[in-house]
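Working notes for the structure below.
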Amino acid sequence: MQNLTRSKPGQGCSLEEGFSPMSVHQGDCVNLDSDDDTYQVIGVDGDHDRCWVRRWPLQSNEGSPVFEISLERIRQVG
9 MQNLTRSKPG QGCSLEEGFS PMSVHQGDCV NLDSDDDTYQ VIGVDGDHDR
59 CWVRRWPLQS NEGSPVFEIS LERIRQVG
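Take any residue in the sequence shown, count from 1 to its spot, add 8: that is its number in the numbering used here.
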């Protein structure tokens, strides 16, 4: 019998945005639903629908603080 399921190792998850799915992985750049600034995904917890992001590009003096946000509040850059 053929195994039709495949598991992919790695960190990430898929979000449903209307009819087109959005995949989010560590290192991706995203926007938040609250503004159009660009943020880099630092980590993804698909089991709890959370991710950690920081503003991108990095701020030269202080760096960019990392914060946790719901996956429902991020969207593809653009």
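Positions of the beta carbon are idealized from the N, C-alpha and C atoms, including for glycine.
For G51, the uninterrupted beta strand (DSSP E) run begins and ends at 43 to 53, by DSSP. A residue is called buried once 16 or more other Cβ atoms fall within 10 Å of its Cβ, and V85, having fewer, is exposed.
With respect to the 8 Å criterion, W64 and T46 are classified as neighbours on the basis of their beta carbons. Looking at the backbone, the Cα of D41 and that of Q48 are separated by about 14 Å. For the 8 Å CB-CB criterion, R83 and V52 do not form a contact. Going by C-alpha positions, E76 is about 10 Å away from D57.
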